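Heads up: the sequence shown runs through residues 29 to 171, numbered per our numbering.
Beneath this line is the structure, given in structure tokens, with notes to follow.
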Amino acid sequence: MIISENTSGIISDINDISRSFIKNNFEVSALIEISFNSGKLELFRDLIFTSKYLTGLKNVLNSDKLSGKDYIDKTYGDFNTVLQKMFDKVKLLLTNEDKEVNDFFEKKYFTMSHDSISNMIDLANDLSVCKEYMNKTPGVFDG
């Protein structure tokens, strides 16, 4: 997949102004590129919102302030539901796209192994940085 100057510039800007760097540059670049080229920007914006929510739930689950069995169970349930939405939205973005890119994502994110789930959570962290960037740079993902 060829990454455009526009997408490369967005990634560079995100890394310049964000508190954390994007670790999965290829994947985030590919998803941005696909979103612009295939008219899937609304789905991408939904994906980065979902990623931000998943990252927040992960932080709650990792905190030592979490207490109460019902609250913990509900938070874990929400986390699992939102994680599944992440998988579904990434797959939707990749529908009808380059076989090489699909194969890469399939191998790294969709094998439903512990590693693929961990990889998806890492990707969610990167995409949540995109959400923060979008909030600071209105219109960037409007096409």
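Quick reminder that beta carbons are idealized off the backbone N, C-alpha and C, glycines included.
Please read these numbers as outputs of a predicted model, since none were measured by experiment.
Item to complete: Return the residue from the list N108, N130, T109, F107 that minimises the CA-CA distance to V118.
Response: Residue N130 is the option with its Cα nearest to V118.
Worksheet item: Skipping 5 residues on each side, what residues in its chain have a beta carbon closer than 8 Å to that of L59?
Response: For L59, where only same-chain residues beyond five positions count, the Cβ hits under 8 Å are F72, L75, V118, L121, L155.
Item to complete: Please decide whether D154 counts as near chain C, where near means a Cβ-Cβ distance under 9 Å.
Response: Among the chains in the structure shown there is no chain C, since it carries only a single protein chain.
Worksheet item: Exposed or buried, what is I50 when buried is set at 16 or more other beta-carbons lying within 10 Å of its beta-carbon?
Response: Buried is the call here.
Worksheet item: Apart from the five residues on each side of it in sequence, which residues of its chain come closer than 8 Å, Cβ to Cβ, to L85?
Response: Excluding sequence neighbours, L85 sits near T103, D106, F107, V110.
Discussion item. What would DSSP say about E125, mapped onto helix, strand or coil?
Written reply: If DSSP states are grouped into helix, strand and coil, E125 belongs with coil.
Discussion item. Rounded to whole angstroms, what is the Cα-Cα separation between V168 and D44?
Written reply: If you take the alpha carbons of V168 and D44, they lie about 15 Å apart.
Discussion item. Rounding to the nearest angstrom, what Cα-Cα distance links F54 and S141 in this structure?
Written reply: Near 21 Å, if we compare the C-alpha coordinates of S141 and F54.
Worksheet item: Skipping 5 residues on each side, what residues in its chain have a beta carbon closer than 8 Å to that of K159?
Response: By the criterion of a C-beta distance shorter than 8 Å, K159 is surrounded in its chain by I76, F77, S79, K80, once the five residues flanking it on both sides are discounted.
Worksheet item: From L151 to K93, what does the alpha carbon distance come to, in whole angstroms?
Response: Annotation: L151 to K93 spans about 25 Å, alpha carbon to alpha carbon.
Fill in: Proximity below 9 Å, CB of N153 to CB of S36
The Cβ-Cβ distance between N153 and S36 does not fall below 9 Å.
Worksheet item: Whose C-alpha, out of K113, I39, Y99, is nearest the C-alpha of I145?
Response: Comparing alpha-carbon positions, the option among K113, I39, Y99 lying closest to I145 turns out to be K113.
Discussion item. Quick check: what's the CA-CA separation for I149 versus D126?
Written reply: When rounded, the distance between both Cα atoms is 23 Å.
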